[in-house]
Each structure stands twice: as C-alpha cells, then as structure tokens.
Amino acid sequence: QEKSCRLSAALLGEDSEISHDQLFELLKYAALGKCHDAAQPSWCRIYHQSHLAGVVVVVLHEMSQLHFYRFYLQFKHLRKVFRHRFTLTPSANFPVSLYGEGTNLKPENTAQGLTPTSSECITKNSDLQRDPIIRRYGEKKQGLTSYTLTLEEQKRNDYPVEGSPGCKGYINTECDEQRTDSSPLFGLDCEMCLTAKGNEVTRVSLVDARGRCLLNELVKPESAVLNYRTRFSGITKKMLLPVKTRLSDIQTRLKKMLPHDAVLVGHSLNSDLQALEMIHPSVIDTSLLFARSEGRRFKLKFLAKAVLGKEIQCEQKLGHDPTEDARAALELAQFFIEQGPTKVVAELNLEMLLTAEKLAEISQNKAALQPQGCGFQEQLNEPPRLSKPCFLDCLQVTGQKPLLLGRQGLDSSGLCQSNLSTSNKQILQRALEDVPLSKFSIIQFTLGPEYIASHLHAGLYEKVRSKLTDMLTIYAGPFEENFCMKSVKKEFGRCGPIQSLTVVTETFQPYVCIQYEVLEAAQLAVESLNGAEVAGSCIKVQRAVTAATLDCNVLIKELELDVENEGVIYVAGLKKSLTETDLQEEFSHLKDLETLFLPKDLQSGKHRNCCFLKFQKSQSAVDALEAINGWTMKGSELRSRNALASGHLWRWIWQMNHSNGKQGNHIFYEKMEQLSDSEQDLRKKMKKLDHCIKKLYRSLQNNTLCVVLFPGVNSTHGSQSGLGLMGIKDDEGRSAC
Numbered sequence: 001q002e003k004s005c006r007l008s009a010a011l012l013g014e015d016s017e018i019s020h021d022q023l024f025e026l027l028k029y030a031a032l033g034k035c036h037d038a039a040q041p042s043w044c045r046i047y048h049q050s051h052l053a054g055v056v057v058v059v060l061h062e063m064s065q066l067h068f069y070r071f072y073l074q075f076k077h078l079r080k081v082f083r084h085r086f087t088l089t090p091s092a093n094f095p096v097s098l099y100g101e102g103t104n105l106k107p108e109n110t111a112q113g114l115t116p117t118s119s120e121c122i123t124k125n126s127d128l129q130r131d132p133i134i135r136r137y138g139e140k141k142q143g144l145t146s147y148t149l150t151l152e153e154q155k156r157n158d159y160p161v162e163g164s165p166g167c168k169g170y171i172n173t174e175c176d177e178q179r180t181d182s183s184p185l186f187g188l189d190c191e192m193c194l195t196a197k198g199n200e201v202t203r204v205s206l207v208d209a210r211g212r213c214l215l216n217e218l219v220k221p222e223s224a225v226l227n228y229r230t231r232f233s234g235i236t237k238k239m240l241l242p243v244k245t246r247l248s249d250i251q252t253r254l255k256k257m258l259p260h261d262a263v264l265v266g267h268s269l270n271s272d273l274q275a276l277e278m279i280h281p282s283v284i285d286t287s288l289l290f291a292r293s294e295g296r297r298f299k300l301k302f303l304a305k306a307v308l309g310k311e312i313q314c315e316q317k318l319g320h321d322p323t324e325d326a327r328a329a330l331e332l333a334q335f336f337i338e339q340g341p342t343k344v345v346a347e348l349n350l351e352m353l354l355t356a357e358k359l360a361e362i363s364q365n366k367a368a369l370q371p372q373g374c375g376f377q378e379q380l381n382e383p384p385r386l387s388k389p390c391f392l393d394c395l396q397v398t399g400q401k402p403l404l405l406g407r408q409g410l411d412s413s414g415l416c417q418s419n420l421s422t423s424n425k426q427i428l429q430r431a432l433e434d435v436p437l438s439k440f441s442i443i444q445f446t447l448g449p450e451y452i453a454s455h456l457h458a459g460l461y462e463k464v465r466s467k468l469t470d471m472l473t474i475y476a477g478p479f480e481e482n483f484c485m486k487s488v489k490k491e492f493g494r495c496g497p498i499q500s501l502t503v504v505t506e507t508f509q510p511y512v513c514i515q516y517e518v519l520e521a522a523q524l525a526v527e528s529l530n531g532a533e534v535a536g537s538c539i540k541v542q543r544a545v546t547a548a549t550l551d552c553n554v555l556i557k558e559l560e561l562d563v564e565n566e567g568v569i570y571v572a573g574l575k576k577s578l579t580e581t582d583l584q585e586e587f588s589h590l591k592d593l594e595t596l597f598l599p600k601d602l603q604s605g606k607h608r609n610c611c612f613l614k615f616q617k618s619q620s621a622v623d624a625l626e627a628i629n630g631w632t633m634k635g636s637e638l639r640s641r642n643a644l645a646s647g648h649l650w651r652w653i654w655q656m657n658h659s660n661g662k663q664g665n666h667i668f669y670e671k672m673e674q675l676s677d678s679e680q681d682l683r684k685k686m687k688k689l690d691h692c693i694k695k696l697y698r699s700l701q702n703n704t705l706c707v708v709l710f711p712g713v714n715s716t717h718g719s720q721s722g723l724g725l726m727g728i729k730d731d732e733g734r735s736a737c
C-alpha cells in the first residue's frame, strides 16, 4: 500500500519568515531526498519523502505578499487548500536564489582540477564582502568564542536545547557557558543505526585538542535494529553481539570527561547530540562554520581534502571511522580560528574547488539530460553557467528531467529563454500535459509588464496598509464628560495589545479611538464590549464606516475559515510577566495542544499580553475556546476567539502598523485614478490565476509537493516581502499536514 507523505511546519509569528536559503533547503530535500548531501529542512519536515510523486513549484512573477492580501477574496482556491504559509524575504534575482544559476565558467579551466590563484578568484573587495563566510563572521581574525553557535542558531539548526519539547529526558553535560577563547576544544562524532526507535548510537568517538583519542566505544542500541547502515557506519550485527555498553553509560562517561568550559566540535553536530540525547551549550559546527549561500553545506570529506589535504571516508574502507571524522572536524575548526575568515576565503576559494569537482563529474556523465521546453538547446554551444552547483544539476545527473515552463519576454528570469508560450493559458495547457511526466517542475505565470510598474506597487501597498489600519481601529462611546481614561484603557487592553488610544473631541459626548496591534483584538473588542458598561457608561463599540470597511465582516469571516487558521485560537488578557514556559504549564491540560506562540514587540522584544494556541484537531480548539473564555489566570480574566492572523500575517501587520504610511505616498496619490482602473482588471486577472492554479493542482498526483510562490519585489523603487504557500496533495485534493 502506498505510504502517505506528510508535511509539518510550525509557522507562527517570528518563525514564519523564511529565507531563500531555507526555501532552497526544502526544495533540494524534496527533489533529491538524502542523495547529494540533501538533508531534512531545518524549519519544516517532510515525512516519507521517498514516496513523493513529484515536486511542483508555481512562481507568480513580480507578485508579492501584498497582492495576495489585497486580492484575498479572489484567491479562493489558494486560501482554502494550502495550510502552510510563510513570508519570503525578497530577492533581487529570484530564480538565481531559488535554484542557483551562475556566471559563465569555461570547463577547460576547471574540469582538469586546476586550482585558481586568489587574485583570479577574488579581485575586488566587494567580492570578498559578498562571500557568505565574510558576511557571517566579518573579515577580522577572532577567538573561538566568536564561532560558537548562539542559542538561537542552535534552535534554528535542530540542536537539542534545554526546555525544548523534543528534548524531554535528555541529559545535560553540566558544562556552563563561561567559555573563553582559551577554552578546550573536543572533536565528537557518532555512528548510528536505524532501530524501531529511530536513529540510535552504535559508536562514539571523542578526541582532544591535540587529536588524541579519548573515547572510541561501541554502544548497544536499546531497540531492535532495523538497518545497521554498514556502508556508512561500518557497524555489523556481529560487532555488536558482545557489546554491553549502553547509551546511559556513554552519557555518564562524557559528563565526567568534559571540563566545565568544554567546546564540542563536529560536522552537523546536532545529529550526534540528538542521537546521544545530550544537551551541550558550547558547540562549533564545521558544516556551518565554512558557510555557503543558498542553504547548502560542504561535506566533511570535501573540506578535509580541500582545507587539510587529507583523504577521509575512503571507499576502500567499510564505513566511516568516527575517530577520523571527529579529528577532521576538530582540525578544520582549529584551521579556521588560526587563519581567520579572510584568509580562508581568499586562499581556499572552496566554491571554485567544488565547482571544478562537480564539472568533472558532469563531464564524465555524457548521458546527463537537458531540461525540457525552455529553449536550452540554443545554449549548447555556450560555456555552461555553473558558477555554483544547484540541485537542478543533480537532478539531471541522476537522470531526472526538470521541467521549466514560463512566458516569453521575462528578461533574464532564467526559466525560459525561447518562445515557449505567449499567455498564461498556453503555459497552463503545457503544464497539464507535461507536469505528470516530470519529477520536478517550475511553472511561472505572470500578469504582464503593464501591471508591474513601481507606482502600482506603491499604490497597492498604501491601500492595503490603509485598509488594515481601518480594520484594526475601533471607536467606543459615548462616555461621560469626566470619564476615567485609565479604566477604558484597562478594559479594552484585556482584548489585546493597543497601538494607540486617543479621545475624539469632535463629538457632543466624548468617544475613544483605539487602534490595536492585532486583528483579533479589534474584533474581540467589537464582539465582547459592544453594549457593555465601561467607565460608568453603556457604550457602543464599532469600526468607522469607510469604503475600505464595507466588506470587513466578509473578510473577517473568510479569515476565520482560512485553512491556515484551522485549529488555532487567540487568547488575550495575559499578564506581561508570564513567560512562554509559564503559559505552557498553564495550558498543558488542554487536549491536543501542539504549539504556543507568544507575540513580541519586534523592536523592543517585549512580550505582548496575548498568545496563539494551535491544536492538532479542530474540535480540540473549539473545546479550548469554551474552557478559556472567562477563565482567570494569575488574577487576570482571559478572553479568546478564533484566530484571524496567527501565522506570517501577524508579523506583516505589525510591520505595516509601524510604517506610518511612508512608503510611496506621493506616487500613490498622483496615480490614484490609474490605479483604480488597473485594480478592476487586476481583480479579474487574480481570479483567473487562482483558477489556473486550481486546475493545475487538481491534475497533480496524490503525494505531490506543491509550492506556490509570490516572490516579492526587491528593486531600486522599493522592497516588498514575498509569500509562500505549500502542501502535499492528499486523497481529498487538499494539502496534507
């Protein structure tokens, strides 16, 4: 029976902004699995990747998050199908950042393994500045403490961290964070096998700063072994038969061996610590230390050869030697610390060396297939554009045919350079025919050049910002002449964080204008305080009636029904002194609680007096709503309702709310009439685009990963964040989560 693939991602609040490196990470793993050094993405997880029927990326050229929310009602299919959404950082050259397209390299200069000199590789200071290692660490040589991962970096890269939900029962090494530049380094590496429990340790090696082996021990797994992974681990059933050592014994020995300020070094060390079920605060990860762009990492085998001149993990040997790997990672870190970032970048030029290695592989494989349908045949006589390897190259080498479809006249988009199609309708028709034949497809639709002018972007931005402001703002009153403003602020503050509160003096009796930071708070105030007695007066609570708020109730209803908000509730009235740990404890009794998100002020970092709770089942969210409303926590009465903007939209609203409407106002007012005319056409075009994607999505096989991208805009005229929607199609035609 066919296994069902599943996608999970906790995209709430700050975690909902995804970089192009992280997007690249997802697509590479989805397309290649564990081949070609692809790894599970750090920000989401694909279950049963090997059963994916294919990957389809739909790119909506020159469109941003702004377009999705300005024409939210028109995108009926997108908002009802794709549960997982994220804000995408804009890129000046989207196709390049998506799958990697480089400048011309002549094969004869690299395929023969020639090592270019530093003057050929980096001729300008600006080139040096653009290198990911320099961007991350700067040019100056620093001590080892500058290269240890911060707590946030550890969380982002799946390191076991104290207090994390998945680290219950993990053993702490009891080392403190009082590390200095003279703290001792220790290299660590483990080999694992696959058991009924998952990855379990079968061998552990620890070396000191001189490379001396302190520990090299076989470990007996707790659960039955399903796969010894002998090819990589070197471990066989026979080797483990006499072994008595268990994981707990290794944990105890490591705790005794490591001094209080020990710094552990390893390559993708998070996997080793997860398998050891241990938490250690001071780590250097050589897969991150030798930083690359596009979310990729150098293999340890490559770095050992390129940097240290050592051959490790030789094919003649049975499996990897963990002591050898631990020592290699340690020496790589020592080299980096001793030489400094500038010397590492200028003298080694690792990307060029890796490209040379890759070109040699590609030249040996003459049967590598060209992408279909994009006019690449015209370029066969030109030097290949391979300044950096990308997963599309790997797809071709493995015999898979990436399908790239787009509209002609897209400049250097990199997707199509020939007269492929002249309309979105033709692109759709071609996609319906060809996508089922390809394991990886990129389909690009566009609105046309007349709809991507900078003044239209500026005008759309101002319209969306103005509408959001109107929806976040409520008016309450009338109050008595000498009413207590403090009481009003306290009562309305129980609905959520307030951006501003002012008295309206133009009316016969005083009214109060309240602008909230989140949509849920404004809606909760309208629903719970309209007709209530506040500050001694029976008041009416309402939004101002403007052209922008006429369809407010429709939008609120559609946001509630949005699949992204399914199973998510908003809770207000929290005391600001409560931490995330406190709230986890307070809400721990709620059935099927999956995630808790406590919003912060993005400038001060302070917590707001509200949170979002995400449940595994919709009914559990309904039950929690009933239980929480009117509930008192630490002397404060809670109020709750269904979520409206729990994910990436929450962050975007906050940013718009603090922009003061500065973006493109002068252009907007000058072009108001032209925008209004264009917007009518845009509504129709957005509806057609939504219909195109609906038809394409329905034609996909089950277990197909579909990612829809509004790439965002990053130009001299301004920047607009992009938006990503993703899901794996299931039997019911919607995205599986």
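The opening residue of the sequence shown carries number 1 in UniProt numbering; numbering runs sequentially from there. Cβ atoms here follow ideal geometry from the backbone N, Cα and C, with glycine treated the same way.
Residue i CB to nearest heavy atom of the ligand PLP below 6 Å
i: Phe-75; result: This structure lacks the ligand PLP, and indeed carries no ligand of any kind.
Distance CB(residue i)-CB(residue j) smaller than 7 Å
i: Pro-132; j: Ser-719; result: no
i: Ile-653; j: Leu-613; result: no
i: Asn-83; j: Gly-727; result: Sequence check: residue 83 is Arg here, not Asn. Contact flag set, yes.
i: Ser-16; j: Phe-86; result: yes
i: Thr-252; j: Val-225; result: no
i: Glu-517; j: Gln-499; result: yes
i: Val-307; j: Ser-282; result: no
i: Val-571; j: Ser-528; result: no
i: Gly-270; j: Asn-157; result: Per the sequence shown, the amino acid found at residue 270 is Asn instead of Gly. Yes. Within cutoff.
i: residue 749; j: Phe-710; result: Any property of residue 749 remains undetermined from this structure, which presents the chain solely from 1 to 737.
i: Asn-609; j: His-51; result: no
i: His-589; j: Lys-600; result: no
i: Leu-88; j: Gly-724; result: yes
Residue i classed as buried or exposed, judged by whether at least 16 other C-beta atoms fall within 10 angstroms
i: Gln-429; result: exposed
i: His-320; result: buried
i: Ala-9; result: buried
i: Val-545; result: exposed
i: Asn-424; result: buried
i: Val-554; result: exposed
i: Asn-530; result: exposed
i: Phe-483; result: buried
i: Pro-165; result: exposed
Residues near residue i in its chain [Cβ-Cβ closer than 7 Å; skip 5 each side]
i: Leu-644; result: Leu-519, Glu-520, Gln-523, Ile-556, Leu-559, Glu-560 and Asn-565
i: Gln-142; result: none
i: Leu-289; result: Tyr-147, Ala-333 and Phe-336
i: Gln-364; result: Low confidence applies here, because Gln-364 scores a pLDDT of 49, under 50, leaving its location unreliable and the question unanswered by this model.
Proximal residues to residue i (C-beta, below 6 Å), its chain only, five neighbours per side dropped
i: Trp-43; result: Gln-22
i: Ala-621; result: Gly-567, Ile-569 and Phe-615
i: residue 749; result: For the chain, the structure presents residues 1 to 737; residue 749 sits outside this window and is missing.
i: Gln-154; result: Val-161
i: Asp-176; result: His-260
i: Arg-70; result: Leu-460 and Val-464
i: Arg-229; result: Cys-193
Counterpart residues of residue i in DSSP-defined beta bridges
i: Val-503; result: Val-512
i: Met-686; result: DSSP lists no partner for Met-686.
i: Ser-537; result: Val-534
i: Thr-473; result: Gln-515
i: Pro-722; result: Note that residue 722 corresponds to Gly in the displayed sequence, not to Pro. DSSP, once it has assigned bridges, lists Leu-88 as partnering Gly-722.
i: Leu-206; result: Leu-188 and Leu-215
i: Thr-195; result: Gly-198 and Val-225
i: Thr-446; result: His-61
Contacting residues, own chain, Cβ-Cβ under 8 Å from residue i (five flanking each side not counted)
i: Gln-701; result: Ala-53, Gly-54, Pro-436 and Lys-729
i: Leu-638; result: Val-571, Ala-572, Gly-573, Leu-574, Ile-628, Asn-629, Gly-630, Trp-631 and Thr-632
i: Leu-7; result: Cys-44, Arg-45, Ile-46, Tyr-47, His-84, Leu-705, Met-726, Gly-727, Ile-728, Ser-735, Ala-736 and Cys-737
i: Glu-481; result: Gln-509 and Pro-510
**Report entry** Stretch-stretch touch, CB-based, cutoff 8 Å, three pairs: the region 231-250 with the region 207-221
**Finding:** Touching, yes, given that three or more Cβ pairs across the two stretches are closer than 8 Å.
Report task. Pair every Cβ in the region 270-285 with every Cβ in the region 183-201, then say whether three or more of these pairs are closer than 8 Å. Result -> yes
Query raised in the report: If you pair each beta-carbon of the region 432-445 with each one of the region 47-60, do three or more pairs fall below 8 Å?
Result: yes
Query - Three-pair Cβ contact test at 8 Å for the region 344-351 versus the region 295-314 - result: Taking a cut-off of 8 Å for Cβ pairs, the region 344-351 and the region 295-314 touch, as three or more such pairs fall below it.
Query - At least 3 beta-carbon pairs within less than 8 Å: the region 76-87 vs the region 687-695 - result: At 8 Å Cβ cutoff, the stretches touch.
Report task. Take every Cβ of the region 579-598, pair it with every Cβ of the region 490-506, and state whether three or more of those distances are shorter than 8 Å. Result -> no
Requested in this report: Mind the definition here: the region 485-496 touches the region 522-540 only if three or more C-beta pairs lie below 8 Å; say whether that holds.
Outcome: Because the criterion of three Cβ pairs below 8 Å is met, the region 485-496 and the region 522-540 touch.
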